[in-house]
Amino acid sequence: MSDITREAPITRAAKWFDPRSRTINMVGFILNRITALGLTLYLCMHLIVLSQLAQGPGAFDTFLANIHNPIFTFLEVLVVTAGFYHGLNGIRIVLISFGVGVRYQQALLISVLVITVVVSAVFAVHMFSF
Amino acid sequence: MNESLYGPKTGEGAWLWFIKALTGVLVIVILFTHFIVNHFVAPNGLLTYAEVLKYYQNPIIPIMEILFVVFVVSHSLIGLRGIILDLKPSRSLLTAINWVFTAVGAVAIIYGVWLILTLVAKGASS
Chain E
5 MSDITREAPI TRAAKWFDPR SRTINMVGFI LNRITALGLT LYLCMHLIVL SQLAQGPGAF
65 DTFLANIHNP IFTFLEVLVV TAGFYHGLNG IRIVLISFGV GVRYQQALLI SVLVITVVVS
125 AVFAVHMFSF
Chain A
916 MNESLYGPKT GEGAWLWFIK ALTGVLVIVI LFTHFIVNHF VAPNGLLTYA EVLKYYQNPI
976 IPIMEILFVV FVVSHSLIGL RGIILDLKPS RSLLTAINWV FTAVGAVAII YGVWLILTLV
1036 AKGASS
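Encoded structure:
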């Protein structure tokens, strides 16, 4: 036990961004976490923004008028993408945790990714064609 | 990682994992309903303050939204705690985090319920 070498934290952290050794399952897991954090941030903002509703008609209607900005539309598309991926993958995880479809977990993950991409594209087209 | 990606991890406990899974499914159900009802069934898609207030007079809406707040805040905080567990916090740090998250969750839920009930009250008096 006298020659344990530990890599520096910065080297360990840098490996987080190295895609070469990732399996598809790990990619799925990482995306689940990223979408989780994104959705949590959205939840905080959504709850704060809705407090404007309690302040009366002027505040809310003004806020809605300001929202017709393409940047906000783009962010909304991101939220829908994150929500769909996290939700569908969540269902997949629950199924597998209870033993259903374990043999198909990779195929299920790929279906989740495909559905997310398709739904996001449809939503984006719908939102940006106004 | 020496733990399965599909079950509770060290320090999480079967109960918390199960509640996370259950609230997750419930959130999907309510979110789906929330989205469709708020944007497609509600008159004009709730684009003004007056419409929102009128909409909240139907008792099923505040009930649905309150449940939504409870489930989504719980799911989010238990999930965040799971992510933090992977960083292997010490016993005392984990206890502190448990307290902080419980407090944040309570505050968020109380705030959400207050906001919903305020909207109902405002709509009833106007």
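Residue numbers (my numbering), protein chains in the order written: chain E, 5 to 134; chain A, 916 to 1041.
Idealized CB from N, CA, C, for every residue including glycine.
- Task: Report yes if the C-beta distance between Glu980 of chain A and Ile934 of chain A is below 8 Å; otherwise report no.
- Result: Numbered from its first residue, the second sequence carries residue 980 of chain A at position 65. Numbered from its first residue, the second sequence carries residue 934 of chain A at position 19. No, these two residues do not count as a Cβ contact at 8 Å.
- Task: Compare the C-beta of Thr44 of chain E with all C-beta atoms of chain A and state if any pair is closer than 8 Å.
- Result: Here residue 44 of chain E is taken as the residue at index 40 of the first sequence, counted from 1. Taking Cβ atoms only, chain A reaches closer than 8 Å to Thr44 of chain E, which makes this a yes.
- Applying the criterion that 16 or more other CB atoms from any shown protein chain within 10 Å of the CB defines a buried residue, is Phe947 of chain A buried or exposed? Reading the second sequence from its first residue, position 32 is the one you call residue 947 of chain A. Exposed, because fewer than 16 other Cβ atoms sit within 10 Å of the Cβ of Phe947 of chain A.
- Looking at the C-beta of Val987 of chain A, does it have a partner C-beta in chain E at a distance below 8 Å? The residue given as residue 987 of chain A occupies position 72 in the second sequence. Yes, because at least one Cβ of chain E sits closer than 8 Å to the Cβ of Val987 of chain A.
- Give a yes or no on whether the minimum CB-CB distance between Ala40 of chain E and chain A is below 8 Å. Numbered from 1 along the first sequence, position 36 holds the residue referred to as residue 40 of chain E. Taking Cβ atoms only, chain A reaches closer than 8 Å to Ala40 of chain E, which makes this a yes.
- Query: What residues in its chain sit with their C-beta under 8 Å from that of Glu80 of chain E, if we drop five residues either side in the sequence?
  - Reply: Locating residue 80 of chain E in the first sequence gives position 76, where the first residue counts as 1. These residues qualify, in order along the chain: Met131.
- Query: Shorter than 8 Å from the beta carbon of Val98 of chain E to some beta carbon of chain A?
  - Reply: By 1-based counting over the first sequence, the position of residue 98 of chain E is 94. With 8 Å as the cut-off, Val98 of chain E counts as an interface residue toward chain A.
- Message: Is there a C-beta anywhere in chain E that falls below 8 Å from the one on Ile1025 of chain A?
- Response: In the second sequence, the residue the question calls residue 1025 of chain A occupies position 110. With 8 Å as the cut-off, Ile1025 of chain A does not count as an interface residue toward chain E.
- Query: Is His990 of chain A buried or exposed, if buried means 16 or more other CB atoms sit within 10 Å of its CB?
  - Reply: For this step, residue 990 of chain A is matched to residue 75 along the second sequence. It counts as buried.
- For Phe67 of chain E, collect the residues of the same chain with a Cβ closer than 6 Å to its Cβ; drop the 5 residues on either side in sequence, then sort them by chain order. As a first step, residue 67 of chain E is located in the first sequence; it is residue number 63 there, counting from the start. For Phe67 of chain E, where only same-chain residues beyond five positions count, the Cβ hits under 6 Å are Gln56.
- Cβ distance (whole Å) where Leu112 of chain E is taken to contact Gly105 of chain E below 8 Å: Start at 1 with the first residue of the first sequence, and residue 112 of chain E comes out as number 108. Start at 1 with the first residue of the first sequence, and residue 105 of chain E comes out as number 101. Indeed they touch by this definition, with Cβ atoms about 6 Å apart.
- Cβ distance (whole Å) where His90 of chain E is taken to contact Ala40 of chain E below 8 Å: Working through the first sequence from its first residue, we reach residue 90 of chain E at position 86. Working through the first sequence from its first residue, we reach residue 40 of chain E at position 36. Right, their Cβ atoms sit about 6 Å apart.
- Amino acids of chain E, ordered along the chain, whose beta-carbon sits closer than 8 Å to that of Ala965 of chain A: For this step, residue 965 of chain A is matched to residue 50 along the second sequence. Going along chain E in sequence order, the residues near Ala965 of chain A (Cβ under 8 Å) are Pro61.
- Item | Neighbour list for Arg37 of chain E in chain A, Cβ cutoff strictly below 8 Å | On the first sequence, position 33 is the one that residue 37 of chain E refers to. The contacting residues are Ile998.
- Query: Ala1023 of chain A and Leu54 of chain E: beta carbons closer than 8 Å?
  - Reply: One-based indexing of the second sequence puts residue 1023 of chain A at position 108. One-based indexing of the first sequence puts residue 54 of chain E at position 50. It is not a contact, given that the beta carbons lie outside the stated cut-off.
- For Leu1008 of chain A versus Val967 of chain A, is the C-beta distance shorter than 8 Å? The residue labelled residue 1008 of chain A in the question sits at position 93 within the second sequence. The residue labelled residue 967 of chain A in the question sits at position 52 within the second sequence. Contact flag unset, no.
- Item | Residues near Gly922 of chain A in its chain [Cβ-Cβ closer than 7 Å; skip 5 each side] | The count along the second sequence starts at 1 and reaches residue 922 of chain A at position 7. So the qualifying residues of the chain are Trp932.
- Item | Buried or exposed (CB count within 10 angstroms, at least 16 for buried), Phe983 of chain A | By one-based count along the second sequence, residue 983 of chain A stands at place 68. By the 10 Å Cβ count, Phe983 of chain A comes out buried.
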